[in-house]
Each structure stands twice: as structure tokens, then as C-alpha cells.
Amino acid sequence: MLSLISRSAETGLIIVVVALFAARLTLPRLKSGVVSKLVITVFALLFLLNMTLWGSKTLLLQDAFRLDHFALFFKGFFLLAGIFIFMIAGHFQDTLAKRIYEFYSLFTLATLGACFLVSANNFLVLFLSIELITFSLYVLTTYWRTQITSIEAGTKYLVVGAFSSAMMLFGISFIYGTTQTINFHDCRSAFTVLSAQPSFTLLHLGLILVLAGIGFKISAFPFQLWAPDVYQGAPTPVTAFLAVVSKSAGFAALMRLVLLATGGWNAVWILMLALIAAATLLYGNLGAIPQLGGNMKRFLAFSGIGHAGYLLMAMICQNAQGYQALIYYLVVYAIATLTIFLGIVLTDPSQSDMKHNMSDFQGLLARSPMLGFSFFVAILSLAGVPPMAGFFGKFLVIQAVIEKGMWLLALIGAVTIAISLYYYLNVIKLIYADQPNDTSSIKIGFGYQLTFICLNLSLIFLGVFQAPLLHLIAKTI
Numbered sequence: 038m039l040s041l042i043s044r045s046a047e048t049g050l051i052i053v054v055v056a057l058f059a060a061r062l063t064l065p066r067l068k069s070g071v072v073s074k075l076v077i078t079v080f081a082l083l084f085l086l087n088m089t090l091w092g093s094k095t096l097l098l099q100d101a102f103r104l105d106h107f108a109l110f111f112k113g114f115f116l117l118a119g120i121f122i123f124m125i126a127g128h129f130q131d132t133l134a135k136r137i138y139e140f141y142s143l144f145t146l147a148t149l150g151a152c153f154l155v156s157a158n159n160f161l162v163l164f165l166s167i168e169l170i171t172f173s174l175y176v177l178t179t180y181w182r183t184q185i186t187s188i189e190a191g192t193k194y195l196v197v198g199a200f201s202s203a204m205m206l207f208g209i210s211f212i213y214g215t216t217q218t219i220n221f222h223d224c225r226s227a228f229t230v231l232s233a234q235p236s237f238t239l240l241h242l243g244l245i246l247v248l249a250g251i252g253f254k255i256s257a258f259p260f261q262l263w264a265p266d267v268y269q270g271a272p273t274p275v276t277a278f279l280a281v282v283s284k285s286a287g288f289a290a291l292m293r294l295v296l297l298a299t300g301g302w303n304a305v306w307i308l309m310l311a312l313i314a315a316a317t318l319l320y321g322n323l324g325a326i327p328q329l330g331g332n333m334k335r336f337l338a339f340s341g342i343g344h345a346g347y348l349l350m351a352m353i354c355q356n357a358q359g360y361q362a363l364i365y366y367l368v369v370y371a372i373a374t375l376t377i378f379l380g381i382v383l384t385d386p387s388q389s390d391m392k393h394n395m396s397d398f399q400g401l402l403a404r405s406p407m408l409g410f411s412f413f414v415a416i417l418s419l420a421g422v423p424p425m426a427g428f429f430g431k432f433l434v435i436q437a438v439i440e441k442g443m444w445l446l447a448l449i450g451a452v453t454i455a456i457s458l459y460y461y462l463n464v465i466k467l468i469y470a471d472q473p474n475d476t477s478s479i480k481i482g483f484g485y486q487l488t489f490i491c492l493n494l495s496l497i498f499l500g501v502f503q504a505p506l507l508h509l510i511a512k513t514i
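Next up, the structure:
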């Protein structure tokens with residue numbers, strides 16, 4: 038057991054956090070670019086170390102943590118996403134210079150919370166992991182202290198986050214009071230018995246409150262109101278973390294609950310979740326249309342809410358096909374989203390991280406063919422246009438829902454895909470057809486160019502050759 042713990046991603050991340058805080062106190066302040074490269078290197082090494090545990094399946098620390106393919110897959114996913122987010126943060130070297138150690142420490146703590154979350158085997162670890170992510174993001178969201186929008190975003194995130202944490206804690210207390218246990222496996226038998234009863238119990242209320250807390254993390258309706266303001270006001274690396282790692286961790290936790298704690302949903306629960314998925318789809322996709330011409334990050338917030346709806350559609354299927362579609366969709370969504378956020382920061386050479394209005398991206402292709410093409414590939418993938426990977430992700434979700442017999446939900450999904458084509462293609466028109474407001478060329482370093490090439494090829498390759506990733510996901514679930 039000690040060998041597994043010492044080689045785990047969590048142990049490495051804890052060491053990174055301690056080292057960063059110790060460096061702040063004892064070492065002269067290094068250049069932010071050096072710190073960024075060191076942290077990226079360590080994350081890459083932790084990713085490789087995490088993969089050496091593939092095949093392990095055991096319970097750790099008095100069954101509080103579960104180590105299996107599911108946990109290892111998502112930990113590797115979070116570490117890789119963290120590398121790209123640190124590359125986004127590396128663009129703000131001068132801005133971060135004074136508080137560089139704190140910035141990367143908090144990001145590492147948030148990643149640590151995500152890794153704990155996917156290994157959680159009881160409700161206490163689930164709650165504490167979510168709080169570790171959320172508390173780190175409270176500080177990171179307000180990191181641009183001189184910008185009123187960042188302070189406002191952090192305040193809103195704090196208020197809504199505290200409310201969701203309270204709901205989740207109440208829910209866990211109801212579950213414990215009813216079942217006398219917080220272990221997922223032990224709760225499963227109680228959920229199975231009570232789910233067959235028509236009466237509403239404290240256990241049902243507890244589960245609803247826990248799901249509401251997770252709904253905040255994944256920005257599902259009606260817990261999504263914080264997302265547009267926070268996405269717009271937070272530093273762009275933090276917004277990228279919220280859009281990719283935080284959302285993915287929330288869906289991974291939701292899968293854990295369904296697979297381990299509840300044993301599945303009955304017809305009433307499925308209907309309730311289907312209504313939430315449909316409302317999330319409509320709110321996100323219809324809400325994105327008025328953002329055209331506004332702020333790009335706010336636009337991506339509404340887009341992300343819409344994608345949460347598609348992921349919930351896959352979740353409702355509660356079978357291997359649905360879970361496979363969900364994880365595949367998460368991966369390709371993350372790649373496309375990280376591509377766009379990396380492109381957003383590189384269009385702002387001033388490092389102010391203030392504007393990011395749609396008008397800043399007019400005629401981007403003429404200013405930087407690499408950025409223009411990368412936006413083109415990523416946006417087509419988010420829109421679900423073949424042969425990009427996003428098309429196959431949406432196809433898998435719709436197929437799983439249809440085979441489950443939920444035709445109305447599949448129809449709503451198809452209609453909202455058509456709606457999303459309108460606003461995504463408008464962004465492509467903006468980048469390719471409109472005249473730029475600023476005619477100066479954008480210079481991109483070799484490292485960033487190589488990163489864009491890898492991300493673009495990933496979206497194209499996974500759209501044409503889905504089998505390798507689907508085979509890996511099949512082992513995960």
C-alpha cells in the first residue's frame with residue numbers, strides 16, 4: 038500500500054505545493070517563466086508516474102480512497118490539462134512576477150482536490166475534495182486585484198460556492214442520518230431499497246442536495262448563473278481551469294455516485310435529470326446568441342453550459358454506452374476549450390487580460406494564420422462539425438439517448454446542436470471574413486506553435502480514428 042501511495046499523483050502534488058511554499062520563504066524570487074517551466078516538467082513526470090499504476094485496483098486508507106482505472110484515467114487527464122493551463126498562465130509572466138509561487142501553489146492545490154475527488158469512496162472525502170478545489174479557486178478568481186471585474190467575479194463565486202457547499206453538507210448529513218454510513222458501497226443497498234418506494238424520504242432529500250452541490254461545479258441548470266460573470270472576470274488561466282478541470286471533476290464525481298453509491302436511477306430520477314439536461318441545453322445555447330459581439334470568455338461560459346447539457350444527456354443513460362460517450366465528449370471538449378483559451382491569451386500581447394471582446398478577434402487569420410486555423414478547428418469541434426472529434430462526441434451522446442428510448446431529449450439535443458451552429462459559425466466568420474481592427478501581426482513562439490499543432494492534430498485524429506480512445510475508455514468504466 039505504501040508503494041502505491043508514494044507513487045500516486047496526490048503525493049507528488051502535495052510535494053509540489055510544499056516545495057513552492059518553501060521556495061517562497063527561503064529562495065530568491067525566480068523569474069516566472071522559470072517557475073512555470075519547472076512546474077510543467079513536474080506535472081509531466083507525475084503524469085508518467087501515474088500511468089505506471091495502470092492496472093492497480095484497490096481501496097486505500099480504510100476504504101476512503103479507491104484506486105482503479107477510472108481514477109487513474111482522470112488523474113492523468115487533470116495533469117495533462119494542468120500542463121496546458123500552466124502554458125496559458127505562462128503568457129502572464131510579468132503580471133504574475135510578484136506572486137508567482139502563490140499562483141502556482143493554488144493551481145496545484147486545486148488539481149490535488151480534483152485528483153482526490155475522482156478517488157473518493159465516501160461522502161466525506163467527496164465533500165472535502167470539492168472544497169479543496171473551490172477554496173483554491175476563490176483566491177485564484179480574484180487574483181487580478183487591480184481589476185474590479187476580477188474582484189466581482191470572486192465575490193459572486195464565493196457566495197454561490199458557499200451556498201452550494203452548505204446544501205451538499207446538509208445532504209450528506211441526511212444521508213448519514215438515514216444510513217448510518219458515509220461509505221459509497223454501504224449506502225448503495227439503502228438507496229436500492231428506498232428507490233423502489235414511492236414515498237419521499239430524508240435519503241432522497243439528501244441525495245438531491247448532494248446533486249445540487251455537484252450541479253454548481255458542472256454549471257448545470259439552475260445552478261449556472263454564476264458562470265458567465267465568473268468566466269468573464271476571472272484571470273484567463275483560472276477560467277480555463279473552471280471550464281475544463283473543475284467541470285470534468287464534477288462529472289467524474291457524478292459518475293462515481295451513480296456507479297458506486299446509488300446503483301442507478303429509477304424513472305422519477307431519470308425524468309428529473311432529463312428536465313435538468315434539457316433546460317441546461319436550452320439555456321446555454323440560446324444564451325450564447327446574444328453574446329455575439331460581446332466578451333469572448335462570457336460567450337464561452339454560455340457555450341460551456343450548453344455542453345454540460347450534452348454531458349448530462351449521456352449521464353442519464355446510466356449504461357456503458359452512455360458513460361463511454363460522456364468521457365469521450367469530456368476529452369474532446371477539453372482539447373477544444375484549451376485550444377481556444379490558449380489562443381485568447383496570445384491575441385493579447387499587453388498581458389492586461391482585460392478585454393477579450395469579440396472585436397479583438399476580427400480578421401485574426403490575417404494577423405496570425407496559426408491562431409486563425411487553431412480557432413477554426415477548435416470551434417468546428419465544439420459545434421460538432423465532421424470530421425472534428427466534437428462531431429463524434431455529439432453523435433455518441435445522441436445515439437446513446439435514442440437507444441435508451443428518450444426520443445424527446447434526443448430531439449432537444451439535435452435542435453440545440455443546430456442552434457449552436459449559428460453562433461459558432463458566426464465566430465468563424467468573424468475570424469476569417471471580417472477585416473481586423475488591428476493590422477499588426479501576432480508573433481507566436483515555437484513552443485506555442487508546437488502546442489497548437491498537437492492540439493489541432495488531436496481534434497482531427499480523434500474525429501477520424503476514435504477506436505484507440507474508446508478502447509481506453511472502455512477499460513476505464
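Everything in the sequence shown is counted per the working numbering, starting at 38 for the first residue and increasing by one.
Idealized CB from N, CA, C, for every residue including glycine.
Quantities reported herein were computed from a predicted structural model and do not represent experimental measurements.
Between 261, 384, 356, 95, which has its C-alpha nearest residue 324's C-alpha? Residue 324 has its Cα closest to that of 261, out of 261, 384, 356, 95.
6 Å CB neighbourhood of residue 83 in its chain, flanking five on each side removed: Contacts found: 46, 49, 116.
Are residue 483 and residue 407 close, meaning C-beta to C-beta below 9 Å? With respect to the 9 Å criterion, residue 483 and residue 407 are not classified as neighbours on the basis of their beta carbons.
Run through the DSSP bridge pairs and tell me what residue 126 is partnered with. Note: residue 126 sits in no beta bridge, so no partner.
Pairwise C-alpha distance: residue 220 and residue 383: The alpha-carbon of residue 383 is positioned some 46 Å away from that of residue 220.
Could you compute how far the alpha carbon of residue 214 sits from the alpha carbon of residue 421? The alpha-carbon atoms of residue 214 and residue 421 are separated by roughly 45 Å.
Is the beta carbon of residue 315 closer than 9 Å to that of residue 401? Taking 9 Å as the Cβ cut-off, residue 401 and residue 315 do not qualify as a contacting pair.
Presumed contact (8 Å Cβ cut-off) between residue 339 and residue 359, rounded CB distance: Residue 339 to residue 359, Cβ: 25 Å. No contact.
Determine the DSSP secondary structure at residue 228, reduced to helix, strand or coil. In this structure, DSSP gives residue 228 a helical state, which the three-state scheme calls helix.
Suppose the cutoff is 6 Å on Cβ atoms and the five residues either side in sequence are ignored; what does the same chain contact list for residue 79 look like? Apart from sequence neighbours up to five positions away, the residues of its chain that approach residue 79 with a beta-carbon distance below 6 Å are 53, ordered along the chain.
For residue 95, I'd like the list of residues in its chain whose CB is within less than 6 Å of its CB, leaving aside the five on either flank, ordered along the chain. So the list reads 104, once near-sequence residues are dropped.
Within the continuous alpha helix (DSSP H) that includes residue 96, where are the two ends? Where residue 96 is concerned, there is no enclosing alpha helix (DSSP H), although the beta strand (DSSP E) it sits in stretches over 95-97.
Roughly how many angstroms lie between the CA atoms of residue 409 and residue 472, to the nearest whole one? If you take the alpha carbons of residue 409 and residue 472, they lie about 13 Å apart.
With 16 as the cutoff for other CB atoms within 10 Å, does residue 229 come out buried or exposed? Exposed.
For a quick check, are the C-beta atoms of residue 425 and residue 497 less than 9 Å apart? Cβ distance < 9 Å, so residue 425 and residue 497 count as in contact.
List the endpoints of the continuous beta strand (DSSP E) containing residue 103. Unbroken beta strand (DSSP E) run through residue 103: 102-104.
Ranges of the alpha helix (DSSP H) found wholly within the segment 343-383, counting only runs of at least 4: Counting only runs of 4 or more, we get 357-383.
For residue 332, which of helix, strand or coil comes out of DSSP? If DSSP states are grouped into helix, strand and coil, residue 332 belongs with the strands.
Just mark residue 303 as buried or exposed, buried being the case when its beta carbon has 16 or more other beta carbons within 10 Å. Per the 10 Å Cβ criterion, exposed.
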